[in-house]
Amino acid sequence: MANYTGNPTAAAALVQPHQVHRDIYINQDIYALEMKHVFANSWVFVGHESQTPEKGDYFATQIGDQPVIQVRHKPDDIHVLYNRCPHKGTKIVIDRQGNTGKFFRCPYHAWSFKTDGCLLAIPLKKGYEGTGLEKTDSGKGMKAVGAVKNYRGFIFARLAEEGISFEDFFGDSLSSLDNMVDRSPEGRLEVVGQPLRYLHYCNWKMLVENQTDTCHPMVAHESSAGTAVKIYEDLDLPAGTPKPAAMEIIAPFMSPYEFFEDMGIRTWPNGHGHTGVHHSIHSDYSAIPGYVEAMSETYGEEKAKAILDENRHNTVYFPNIMIKGPIQQLRNFIPLAADKTIVESYIYRLVGAPDELTARTAMYNRMINAPTSIVGHDDLEMYERAQEGLHVNGIEWVNIQRLLEENEDFSEEAVLNGTTERQMRNQFDAWRKFMTYDSEKQEAAE
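Per the working numbering, residue 1 is the first one in the sequence shown, and the count goes up by one each step.
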């Protein structure tokens, strides 16, 4: 296996227009480069503002391999800080979330910091008089990440001090987040409970790619969704019998290739894209009484209809999250190693909407994404087989050639056949771009 240590340019060369080298998935040096370059230079999802609603509330997570804390400093001011004391490096918090009061206090030497990270106090501070501590990074307090953006309640951060702006990074792809938030009659979402967490022994990019892979559902999920559909059909229920919510959720996974071809895929620059341009597996859910009326009262009938008629399936935000607007879900794919990924599946409540919508979202999450789910294990089996199979010699490249067009341009939005692998190629184009972003900045400066 090749050694890519400290060489992002060599790693970027592993991406070709129609294929990528297996080392991208299995090489630990590549993983380390991703953490240093791709995750540092991209805008990465941190959390939602409803997870830290009060002053002093914090939420601990990570960006790539960097532990960070999302904390509310003031009513309208959320910060993202590295989760380490600037003194000896001790982690400031080890629990997932809580309220720290007016300051953070290191459990090792009791250095304390305001909730914006600024140094507040040091025991026996006179011991540092004349040492120049105030001129060092340690003397300034907890380090903040390079940039933070609160977009309609969703907190994103860029680790790098300088780089692409939030607006340039996401561009028109934010329309998917807008639609998810606009589905609330009050234009607000709230996190519901804790996310479902699920460990996968595979590379994080496999999970991200799978979100827009529309040629696998009717195959990989035949054992789960296919079995459920067959059992339901064998019940031979009287005509007009309402379909249970569980069947509305699981049955569309067995839709034919033509369904997925017709649904379409849209791609945007910087690796973002979504399935379900024209329709999706979420298009035919039963109406919830009172919901359309509440939406119409807020937006007017025409705009409310436009919002609810948009049924995008999976929207991938590069590098590592997916959202489902119609059922208010977000999946965060957190890389732990080249062959290990934690998946967090969050659900959100539409503020001002009937509770039945939240119940359906929770049911979907349990059935599809939980460690005890029906459908999720099908995908997990494929990921782990692929992770193991990529070590097999003979063919060292992974093919992403389906519906490949000559001289593809990922700098513009495109809408194509719903079974194209263009979005996967789009993601790897962005991966290569941000893998070498630091080198390009340095060359430009020189």
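Quick reminder that beta carbons are idealized off the backbone N, C-alpha and C, glycines included. Being a predicted model, the structure only gives us computed values, none of them experimental.
Three-state class that DSSP yields for residue i in the structure shown
i	result
residue 375	coil
residue 330	strand
residue 218	helix
residue 237	coil
residue 127	helix
residue 288	coil
residue 317	strand
residue 309	helix
residue 188	coil
residue 401	coil
residue 143	coil
residue 197	strand
residue 102	coil
residue 38	helix
residue 120	strand
residue 267	strand
residue 93	coil
residue 20	strand
residue 299	helix
residue 392	coil
residue 232	helix
Identity of the residue in the options nearest residue i by Cα
i	options	result
residue 148	46, 416, 251 and 330	46
residue 188	160, 214 and 153	153
residue 325	277, 300 and 340	277
residue 342	119, 21, 64 and 55	64
residue 426	300, 145 and 316	316
residue 357	212, 157, 286 and 72	286
residue 38	304, 160, 182 and 360	160
residue 420	394, 279, 365 and 267	267
residue 195	395, 330, 396 and 41	330
residue 115	274, 58, 257 and 284	58
residue 362	352, 400, 246 and 380	246
residue 95	69, 388, 130 and 35	69
residue 190	350, 368, 399 and 3	350
residue 430	179, 270, 23 and 353	270
residue 381	12, 103, 53 and 202	202
residue 17	432, 50 and 171	432
residue 327	302, 359 and 290	359
residue 150	166, 352 and 138	166
residue 222	6, 378, 80 and 30	378
Limits of the beta strand (DSSP E) - the one that residue i falls within
i	result
residue 423	Premise fails: residue 423 lies in the alpha helix (DSSP H), 422-435, not in any beta strand (DSSP E).
residue 452	The question about residue 452 has no answer, for the chain in this structure spans 1 to 446.
residue 63	57-63
residue 47	44-48
residue 156	154-158
residue 80	77-82
residue 416	414-416
Where the alpha helix (DSSP H) through residue i begins and ends
i	result
residue 25	23-26
residue 114	Unbroken run through residue 114 is the beta strand (DSSP E), 112-114; no alpha helix (DSSP H).
residue 464	The first residue shown for the chain is 1 and the last is 446, placing residue 464 beyond what the model contains.
residue 275	Unbroken run through residue 275 is the beta strand (DSSP E), 272-275; no alpha helix (DSSP H).
residue 170	166-170
residue 466	Residue numbering for the chain in the displayed model covers 1 to 446; residue 466 lies beyond these limits and cannot be assessed.
residue 182	174-182
residue 208	204-210
residue 10	8-12
Inter-residue CB distance, residue i and residue j (contact presumed, cutoff 8 Å)
i	j	result
residue 231	residue 255	Rounded, the Cβ-Cβ distance is 18 Å, inconsistent with contact.
residue 322	residue 33	Incorrect: roughly 23 Å between the Cβ atoms, too far for contact.
residue 44	residue 428	The pair is not a contact, with the Cβ atoms about 18 Å apart (cut-off 8 Å).
residue 123	residue 109	7 Å
residue 338	residue 26	6 Å
residue 74	residue 83	The Cβ separation is near 20 Å, so there is no contact.
residue 320	residue 311	The Cβ separation is near 24 Å, so there is no contact.
residue 216	residue 383	Actually they are not in contact, since the Cβ atoms of residue 216 and residue 383 sit about 11 Å apart, beyond 8 Å.
residue 19	residue 407	The Cβ separation is near 16 Å, so there is no contact.
residue 249	residue 354	With a Cβ gap of about 17 Å, residue 249 and residue 354 do not count as contacting.
residue 437	residue 163	7 Å
Within-8 Å CB hit, residue i to chain C
i	result
residue 172	Going by chain labels, chain C is absent from the structure shown, which holds only one protein chain.
Taking only runs that begin and end inside the stretch 321-368, name each unbroken beta strand (DSSP E) of 3 or more residues, in chain order.
-> Counting whole runs of 3 or more residues, the stretch 321-368 contains the beta strand (DSSP E) stretches 321-324, 329-337 and 340-350.
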